[in-house]
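Counting in full-length UniProt numbering, the sequence shown runs from 1 upward without gaps. What follows is a short report on a single structure.
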Amino acid sequence: MAFIGEAALSKLFDLLLGNSIDAVLSFVADHKQVYDQLQEWKSILPGIKAVLNHAEEKQIKDEAVKTWLDDLQDLAYDADDILDDFAYQELRLKLHNTQAQSRPSKIRKLLST
């Protein structure tokens, strides 16, 4: 069962390396300081993944490594929740902007009839 949790942790970090970070970066591009910090995190995630892969092998023999991985998994879930919130907000804003842009054309249609 622990192996399944660690496999999930690896998959979670794969997701963090993927589109989630890119979506957040595009959402916060106007906020330079946050954008720069996220770019830095994105650049160190591959190194973190390599350490995790090594730690997953060592956890079988070392209880401290297993505890560390469990704590890290909790942190990764928290980070994933934050990324999900950013992605949701980005979609919400896109929808709002799309609806706001379509309103004038709907009004023109109503007025022209």
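Ideal placement from N, C-alpha and C gives every residue a C-beta, glycine not left out.
Cα-Cα separation between residue 97 and residue 33, rounded to whole angstroms:
The C-alpha of residue 33 is placed about 25 Å away from the C-alpha of residue 97.
Does DSSP classify residue 60 as helix, strand or coil?
coil
Grouping DSSP H, G and I as helix and E and B as strand, with all else coil, what is residue 83?
Three-state result, residue 83: helix.
Are residue 69 and residue 56 close, meaning C-beta to C-beta below 9 Å?
yes
If you measure between the beta carbons of residue 72 and residue 95, is that distance less than 9 Å?
No, Cβ-Cβ distance for residue 72 and residue 95 is not below 9 Å.
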